[in-house]
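Comments concern the structure below.
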Amino acid sequence: MAAEIRVFPCLTDNFGYLVHDSESGATASIDAPEAGPIINALEREGWTLTDILITHHHGDHVGGVAELKQRYGCRVMAPHDKTTRIANVDQRVANADVVKVGNLLARVLETPGHTLDHISYVFDNDKAVFAADTLFSIGCGRVFEGTYPMMWDSLLKLRALPDDFRLYCGHEYTASNIKFALTVESDNPALKARAEEVAQLRAENKPTIPVLLGEEKKANVFLRADGPTVAAKLHMKGAKPADVFGELRERKNKS
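And the structure:
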């Protein structure tokens, strides 16, 4: 049986995610921005929380952990970097570790840059990747703790996943990301198509996630910093891809 995935809003612009294994009844929350919406989603589905899979230590991704653990006695998985002091952790995981949620398997992919401890969870059998604040639709996370080469390397890891995987990210930033991306690639047909799709989704108050990675690879300029056309648009012909990526991220920071 494939994983059942539910998407719902948390806080101001975070996504909440539940991943459910119908065979065993196990249910994981990917991060825990706040407890209330997660509890409501669980009760709506008739599911019981068994696991929380944390991607990184930022407060808007772990704020609900303590309350959920107290309520459900769930297992909390977190990145192996103990310097981040995430509370209530039962098990630490590192790159290539496999996490079981009932019969579902999630492979850990280290994707540092936004934070040094950032990891993503790849459900290969279900063709889903939860990339939190490393990769957004038509964007990527700010580089707070790492370096631009580090973040670019993390994006390459995610880009290497198959085109038919669905991307689930940490925030509903797609519309603002598109606004910036169009200043760089106004002539990108995939980006223009995504812009129309997102405008319709937001007008109907629907989430812009998930999105197929194959579509994202064509429309997201941050994933193509090693392409000659992107470098040319930034007047950086011949520059290293990590430097082109860094310029893109700096421009986005100021937009």
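Each number in my numbering corresponds to the 1-based position in the sequence shown with 34 added.
Quick reminder that beta carbons are idealized off the backbone N, C-alpha and C, glycines included.
Nothing here was measured: the structure is a model prediction, and the numbers come from that model.
Cβ pair residue i, residue j closer than 8 Å
{"i": "R200", "j": "K251", "result": "no"}
{"i": "V135", "j": "V53", "result": "yes"}
{"i": "P71", "j": "G97", "result": "no"}
{"i": "E249", "j": "A224", "result": "yes"}
{"i": "A37", "j": "L138", "result": "yes"}
{"i": "V156", "j": "A140", "result": "yes"}
{"i": "E179", "j": "L216", "result": "no"}
{"i": "H148", "j": "G107", "result": "no"}
CB-CB length for residue i against residue j, believed under 8 Å
{"i": "D197", "j": "L143", "result": "Not a contact, Cβ separation roughly 17 Å."}
{"i": "L268", "j": "E281", "result": "5 Å"}
{"i": "E172", "j": "Y202", "result": "Note on identity: in this sequence residue 172 is Ile, with Glu being the wrong assignment. The Cβ separation is near 15 Å, so there is no contact."}
Contact with chain D by residue i, beta-carbon distance below 8 Å
{"i": "D65", "result": "Chain labels in this structure do not include chain D; a single protein chain is all it has."}
Inter-residue Cα distance where the pair is residue i and residue j
{"i": "V278", "j": "D187", "result": "13 Å"}
{"i": "E57", "j": "E79", "result": "15 Å"}
{"i": "V127", "j": "N48", "result": "23 Å"}
{"i": "L169", "j": "D221", "result": "22 Å"}
{"i": "E230", "j": "S210", "result": "13 Å"}
{"i": "L190", "j": "N287", "result": "21 Å"}
{"i": "F309", "j": "F164", "result": "An answer regarding residue 309 cannot be provided, because it is not within the stretch 35 to 289 covered by the chain."}
{"i": "V218", "j": "H91", "result": "32 Å"}
{"i": "I153", "j": "A130", "result": "10 Å"}
{"i": "A66", "j": "T46", "result": "14 Å"}
{"i": "G204", "j": "T118", "result": "19 Å"}
{"i": "M185", "j": "N254", "result": "15 Å"}
{"i": "I64", "j": "I39", "result": "10 Å"}
{"i": "F214", "j": "S289", "result": "7 Å"}
{"i": "A265", "j": "K226", "result": "20 Å"}
{"i": "P146", "j": "P183", "result": "10 Å"}
{"i": "K77", "j": "N159", "result": "Correcting the residue type first, residue 77 is Glu in the shown sequence and not Lys. Using only the alpha carbons, I get a separation of about 26 Å."}
{"i": "T263", "j": "V232", "result": "24 Å"}
{"i": "T181", "j": "H95", "result": "21 Å"}
{"i": "R228", "j": "P241", "result": "13 Å"}
{"i": "K271", "j": "G261", "result": "10 Å"}
{"i": "V133", "j": "A60", "result": "12 Å"}
{"i": "Q234", "j": "C44", "result": "21 Å"}
{"i": "A75", "j": "V123", "result": "23 Å"}
{"i": "R236", "j": "K161", "result": "25 Å"}
{"i": "G93", "j": "A62", "result": "19 Å"}
{"i": "Q125", "j": "D55", "result": "20 Å"}
{"i": "N239", "j": "T208", "result": "13 Å"}
{"i": "L195", "j": "R258", "result": "15 Å"}
{"i": "T82", "j": "I120", "result": "23 Å"}
{"i": "R105", "j": "F42", "result": "20 Å"}
{"i": "K274", "j": "I212", "result": "24 Å"}
Validate contact between the region 111–121 and the region 71–88 using beta carbons, cut 8 Å, 3 pairs
Output reads yes: the region 71–88 touches the region 111–121.
3 or more residues per run - each beta strand (DSSP E) lying fully within the region 160–198
Segments of the beta strand (DSSP E) lying fully in the region 160–198: 162–166.
Taking one C-beta from the region 98–105 and one from the region 60–71 each time, how about it: are there three or more such pairs within less than 8 Å?
Between the region 98–105 and the region 60–71 there are three or more inter-stretch CB-CB distances shorter than 8 Å, so the stretches are counted as touching.
Enumerate, from N- to C-terminal direction, the unbroken alpha helix (DSSP H) stretches of 4 or more residues contained entirely within the region 41–112.
Taking only runs of at least 4 residues, the alpha helix (DSSP H) segments lying wholly in the region 41–112 are 69–79, 93–96, 99–106.
Going along the chain, which unbroken runs of the beta strand (DSSP E) with 3 or more residues stay wholly within the region 107–161?
Taking only runs of at least 3 residues, the beta strand (DSSP E) segments lying wholly in the region 107–161 are 109–113, 125–127, 132–135, 138–144, 153–157.
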